[in-house]
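Q: Position in the sequence shown (from 1) plus 1413 gives the number in the working numbering. Beta carbons: idealized from backbone N, C-alpha and C, even for Gly. In this text the structure is predicted, and so the values were computed from the model without any measurement.
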Amino acid sequence: MSKRLARHQIAEALAAASPAKRPIGDRSRINIVSSDLCDHTIKALAPSLERHKNCDIIDLNPGVGLWSSKLHEFLKPRTHILLEPDEKLYLPFLKPLLEKRNSTYKLAPWSGVEWSSYMRIAEEGFLPHQKLLPSGHEALNKPSDTLLFVANLGHYPPKKRGSFNSIAALMINQLMSAVRNHSIFQAYGLVRMLIWIGDKEKNTILPRSIANRRKSSVQIESTCDIREIAGYQDEHRWRKRPTSINQESAEKVALQMLQNGINFPLNRQSPLHKDALKVAKEQLSKGSSTPGTDTSTTTGPVVADSRVWHKELNELEEKLITGEVRKFQDERVKDEDYVSAQYDSRRGRKRGVQRERTPEYQRLILLRALKKLDFKRQHKMEGIVKEIARLDAIELALMEGKIPHDEIEKKESELAKSKDKVYAQIDGLREPQQEKIFLYLDDRRAIKATPPVLMWDRRTEEPLNVEAEEFFPNHHLALLDFQPRPVTGAVARSAEAYDVFTSILGYLYMQPKQSIVRGLESLAPGAADYILPRAPSLQDLRKGGLQDLEHLRVRMLTPEMLDEIIAAWESWPFKPSTSDLILKMGLVPYMGSSGSAISDNLSDDRVRAF
1414 MSKRLARHQI AEALAAASPA KRPIGDRSRI NIVSSDLCDH TIKALAPSLE RHKNCDIIDL
1474 NPGVGLWSSK LHEFLKPRTH ILLEPDEKLY LPFLKPLLEK RNSTYKLAPW SGVEWSSYMR
1534 IAEEGFLPHQ KLLPSGHEAL NKPSDTLLFV ANLGHYPPKK RGSFNSIAAL MINQLMSAVR
1594 NHSIFQAYGL VRMLIWIGDK EKNTILPRSI ANRRKSSVQI ESTCDIREIA GYQDEHRWRK
1654 RPTSINQESA EKVALQMLQN GINFPLNRQS PLHKDALKVA KEQLSKGSST PGTDTSTTTG
1714 PVVADSRVWH KELNELEEKL ITGEVRKFQD ERVKDEDYVS AQYDSRRGRK RGVQRERTPE
1774 YQRLILLRAL KKLDFKRQHK MEGIVKEIAR LDAIELALME GKIPHDEIEK KESELAKSKD
1834 KVYAQIDGLR EPQQEKIFLY LDDRRAIKAT PPVLMWDRRT EEPLNVEAEE FFPNHHLALL
1894 DFQPRPVTGA VARSAEAYDV FTSILGYLYM QPKQSIVRGL ESLAPGAADY ILPRAPSLQD
1954 LRKGGLQDLE HLRVRMLTPE MLDEIIAAWE SWPFKPSTSD LILKMGLVPY MGSSGSAISD
2014 NLSDDRVRAF
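1. With H, G and I counted as helix, E and B as strand and the rest as coil, what does DSSP make of residue 1869?
2. With burial defined as no fewer than 16 other Cβ atoms inside 10 Å of the residue's Cβ, what is the status of residue 1908: buried or exposed?
3. Once you ignore the five residues that flank residue 1810 on each side, which residues in its own chain have a CB closer than 7 Å to its CB?
4. Do you know whose CA, among 1562, 1456, 1471, 1583, lies nearest residue 1571's CA?
5. Measuring alpha carbon to alpha carbon, tell me which of 1621, 1476, 1832, 1590 ends up nearest residue 1635.
6. Would you tell me roughly how many angstroms separate the C-alpha atoms of residue 1917 and residue 1595, rounded to the nearest one?
7. Going along the chain, which residues of its own chain have a beta-carbon closer than 6 Å to the beta-carbon of residue 1604, five neighbours each way excluded?
8. Give the C-beta separation of residue 1880 and residue 1446 to the nearest angstrom, bearing in mind that I take them to be a contact with Cβ-Cβ under 8 Å.
9. Count the other CB atoms, across all protein chains shown, that sit within 10 Å of the CB of residue 1632; report buried if there are 16 or more and exposed otherwise.
10. Have a look at 1831, 1899, 1863, 1799 and flag the residue whose alpha-carbon is nearest the alpha-carbon of residue 1850.
11. Would you list the one or two residues that DSSP bridges to residue 1565?
12. Hey, residue 1903 and residue 1993: beta-carbon distance below 7 Å or not?
13. Name the two residues that bound the continuous alpha helix (DSSP H) containing residue 1623.
14. At the level of alpha carbons, what is the spacing between residue 1581 and residue 1608?
15. Between which two residues does the alpha helix (DSSP H) harbouring residue 1440 extend?
16. Are the CB atoms of residue 1890 and residue 1567 within a distance shorter than 7 Å?
17. By DSSP, does residue 1882 sit in helix, in strand, or in coil?
18. Tell me whether residue 1794 is buried or exposed, calling it buried when 16 or more other Cβ atoms sit within 10 Å of its Cβ.
19. Who pairs with residue 1894 in a beta bridge, going by DSSP?
20. Could you check which residue in 1832, 1693, 1611, 1839 has the C-alpha nearest to that of residue 1888?
21. According to DSSP, simplified to helix, strand and coil, what is residue 1961?
22. Going by CA-CA distance only, name the one from 1443, 1672, 1678, 1963 that's closest to residue 1695.
23. Around the Cβ of residue 1988, are there at least 16 other Cβ atoms within 10 angstroms (buried) or fewer (exposed)?
24. Would you mind working out which of 1586, 1506, 1601 sits nearest residue 1553, comparing C-alpha positions?
25. Please give the ranges of any alpha helix (DSSP H) in the region 1491-1543, keeping only runs that are unbroken, at least 4 residues long and fully inside the region.
26. Find the nearest neighbour of residue 1564 within the set 1498, 1905, 1540, 1913, judged by alpha-carbon distance.
27. In angstroms with no decimal places, state the Cα-to-Cα distance between residue 1924 and residue 1681.
28. Starting from residue 1733, follow the alpha helix (DSSP H) in both directions and report where the run begins and ends.
29. Label residue 1781 either buried or exposed according to how many other C-beta atoms from any shown protein chain fall within 10 Å of its C-beta, with 16 as the threshold for buried.
30. Using a 10 Å radius around the Cβ and a threshold of 16 neighbouring Cβ atoms, would you call residue 1710 buried or exposed?
31. Could you name the residues that DSSP lists as bridge partners for residue 1556?
32. What does the Cβ neighbour count give for residue 1679, buried or exposed, with the cut at 16 atoms within 10 Å?
33. DSSP three-state call for residue 1816: helix, strand or coil?
34. Would DSSP call residue 1992 helix, strand or coil?
35. Taking the alpha-carbon positions, what's the residue 1442 to residue 1474 distance?
36. Per DSSP, residue 1473 forms a beta bridge with which residues?
Now the structure itself:
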């Protein structure tokens, strides 16, 4: 069945089943309707899906069932539970799957947003092959390849639920809590989750710039490894990174894909990936195994490469050339210098006769001046970030012992003077320019860290590009692959330790642009003095840290840094109590140590009863 035919048939069937006057079910849900997209996605996932062959599947919101049937065909599961709350609307699509000979599909017509639905699945024997693990069992912290969770949380417009902007945000928040607390289906071990969400929501979960890094994404990083399998590869998204940094990231991935023999169809490749492949192929032909673009000491534009008004300026310039835009209102006057000399008898001198410009030409003059000013500012900012990149390289060489012993003192002196000078230059800039410089520096340092600070930059394959027409209604979805990890480090010592982690993280991320020094000083008197010396990774340039902690911003904190901060906090004899820490934020965490919002009304055993 072709993509267009499938979409047309599904649209007609949904319209007939749920007329506008008397709608049945949730009409805001987005369905996957492209067979090609399903095939390409499963092919990209195939190497990692092999270990799940003949597993059990919990499939939330299968909808029209196209994605579900394709996944079922590949995995051949022994049980495939279709958790579909809109039974009346989608049963005509799911009935053929349920009635197949020797079908292993089972329909559970309940809401997957309610945790009680997952309890019913267990209580009513939908998973006969699974065995609940007791609390403390070592297998709880090991991958459970015999169970797979699949969900479609895509809605347009996004549906708010409580304090969350969408159902997807709420569900992912609770699913991460389930991983940490081994509740619901995570009580069988660490269960992999393949989740479709609205494409615009992925930046909150898997940010592509330090500017988008928030408390929620850091919490998810501490719980799961995340990979984007498919999504809309829009390179003009709000708050994007400069092209030079994106190119370096893309070329690194393209090189890995070529070396591993991984290739996507052309229609699944983004323009950036296509360009990166050309560079990677050229590098391989020269015998090089490193990406072509390197931002260690070079810089691209500090701000986003395309300003909002650039397109308008280019269009006006073209229209001026073609004659669509005139310079002056009076067409009778020749289009030369806009003043003509006339004699003023009263003042005995020549005076200029001002010719009135057209509004379009006035706008063009303004944009030309803006472009000139922007170029000067850009040039100045690029000089500053280039100097800081040079100083970072010297600092790293000193840290790694690559400077000859007799030159160390001289280099340290030069470093201190140069730092004072360059940061004095930054202090002389306007605040918006300062923020642009700091964001560029953070993004560049983040990609250079080992491992990169952003999980996006740790990817080994690019996501498949999707089209709006492959969904109904035609709004992009993205498929994210969540691979749970056992909770380790300081936060794993007790339930209270995780509450401390979320409270400190929430407090610091109220101002993600502030320095870690300022953040800890405002958290509690003496906190910075005690904690900072006990968190060595904060000053390790190789890990995204900085020697001068006054310039290390909260949004750059890695899981390792946060673990050291929490461990130091726990050992601090004068730390505030956990309750005082929570009260300082003025909030009670939505997810406490019990692991679920519903735990206020249900016992912990009931929450884990799945």
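A: Once the coordinates are examined:
1. In the sequence shown, the residue the question calls residue 1869 occupies position 456. The answer is helix: DSSP assigns residue 1869 an H, G or I state.
2. Within the sequence shown, the letter at position 495 stands for residue 1908. That one is exposed.
3. Walking along the sequence shown from the start, residue 1810 turns up at place 397. Within the same chain, residue 1810 has close Cβ partners 1816.
4. In the sequence shown, the residue the question calls residue 1571 occupies position 158. Nearest of 1562, 1456, 1471, 1583 to residue 1571, Cα basis: 1583.
5. Counting from one through the sequence shown, the residue named residue 1635 turns up at place 222. When only C-alpha atoms are compared, the closest one is 1590.
6. Along the sequence shown, read from residue 1 onward, the residue named residue 1917 stands at position 504. Along the sequence shown, read from residue 1 onward, the residue named residue 1595 stands at position 182. If you take the alpha carbons of residue 1917 and residue 1595, they lie about 23 Å apart.
7. For the purposes of this step, residue 1604 is taken as residue 191 along the sequence shown, with counting starting at 1. Closer than 6 Å at the Cβ level, and outside the excluded window around residue 1604, lie 1557, 1560, 1562, 1598.
8. Here residue 1880 refers to the residue found at position 467 of the sequence shown. Here residue 1446 refers to the residue found at position 33 of the sequence shown. About 11 Å; that fails the 8 Å criterion.
9. Locating residue 1632 in the sequence shown gives position 219, counting from the first residue. The residue in question, residue 1632, is buried, as its Cβ has 16 or more Cβ neighbours within 10 Å.
10. Your numbering for residue 1850 matches position 437 in the sequence shown. With distances taken between Cα atoms, residue 1850 lies closest to 1799.
11. For this step, residue 1565 is matched to residue 152 along the sequence shown. Paired residue(s): 1609.
12. Taking the sequence shown and counting its residues from 1, the one referred to as residue 1903 is at position 490. Taking the sequence shown and counting its residues from 1, the one referred to as residue 1993 is at position 580. No, these two residues do not count as a Cβ contact at 7 Å.
13. As a first step, residue 1623 is located in the sequence shown; it is residue number 210 there, counting from the start. Neither: residue 1623 is in no alpha helix (DSSP H) and is coded neither H nor E.
14. One-based indexing of the sequence shown puts residue 1581 at position 168. One-based indexing of the sequence shown puts residue 1608 at position 195. Answer to the nearest angstrom: the Cα atoms are 9 Å apart.
15. Translated into positions along the sequence shown, residue 1440 becomes position 27. Here residue 1440 belongs to no alpha helix (DSSP H), and DSSP marks it neither H nor E.
16. Stepping through the sequence shown from its first residue, residue 1567 is reached at position 154. Stepping through the sequence shown from its first residue, residue 1890 is reached at position 477. A contact, by the Cβ cut-off of 7 Å.
17. Translated into the one-based positions of the sequence shown, residue 1882 becomes position 469. Of the three classes helix, strand and coil, the one that applies to residue 1882 here is helix, per DSSP.
18. Against the sequence shown, residue 1794 aligns to sequence position 381. It counts as buried.
19. Taking the first residue of the sequence shown as 1, we reach residue 1894 at position 481. Bridge partners of residue 1894: 1607, 1640.
20. In the sequence shown, residue 1888 corresponds to position 475, counting from 1. Among 1832, 1693, 1611, 1839, the Cα nearest to that of residue 1888 is on 1611.
21. One-based indexing of the sequence shown puts residue 1961 at position 548. Of the three classes helix, strand and coil, the one that applies to residue 1961 here is coil, per DSSP.
22. Taking the sequence shown and counting its residues from 1, one reaches residue 1695 at position 282. Closest by alpha carbon: 1672.
23. Within the sequence shown, numbered from 1, the residue matching residue 1988 stands at position 575. Buried: at least 16 other Cβ atoms inside 10 Å.
24. One-based indexing of the sequence shown puts residue 1553 at position 140. If we check each option's Cα against that of residue 1553, 1601 comes out closest.
25. 1500-1511, 1528-1536
26. Residue mapping note: residue 1564 aligns to position 151 of the sequence shown, counting from 1. Nearest of 1498, 1905, 1540, 1913 to residue 1564, Cα basis: 1498.
27. Position 511 of the sequence shown, counting from 1, holds the residue named residue 1924. Position 268 of the sequence shown, counting from 1, holds the residue named residue 1681. Their Cα atoms are separated by approximately 38 Å.
28. Locating residue 1733 in the sequence shown gives position 320, counting from the first residue. Note, residue 1733: alpha helix (DSSP H), 1723-1735.
29. Translated into positions along the sequence shown, residue 1781 becomes position 368. Exposed: under 16 other Cβ atoms inside 10 Å.
30. Taking the first residue of the sequence shown as 1, we reach residue 1710 at position 297. Here residue 1710 scores only 49 on pLDDT, less than 50, and its place in the model is too uncertain to base an answer on.
31. Counting from one through the sequence shown, the residue named residue 1556 turns up at place 143. Residue 1556 is bridged to 1603.
32. Working through the sequence shown from its first residue, we reach residue 1679 at position 266. Exposed is the call here.
33. As a working mapping, residue 1816 is identified with position 403 in the sequence shown. Three-state DSSP puts residue 1816 in coil, outside helix and strand.
34. Position 579 of the sequence shown holds residue 1992. Correct three-state label for residue 1992: helix.
35. Position 29 of the sequence shown, counted from the first residue, corresponds to residue 1442. Position 61 of the sequence shown, counted from the first residue, corresponds to residue 1474. Rounded to whole angstroms, residue 1442 to residue 1474 spans 9 Å at the Cα level.
36. Locating residue 1473 in the sequence shown gives position 60, counting from the first residue. According to DSSP, residue 1473 bridges with 1496, 1564.
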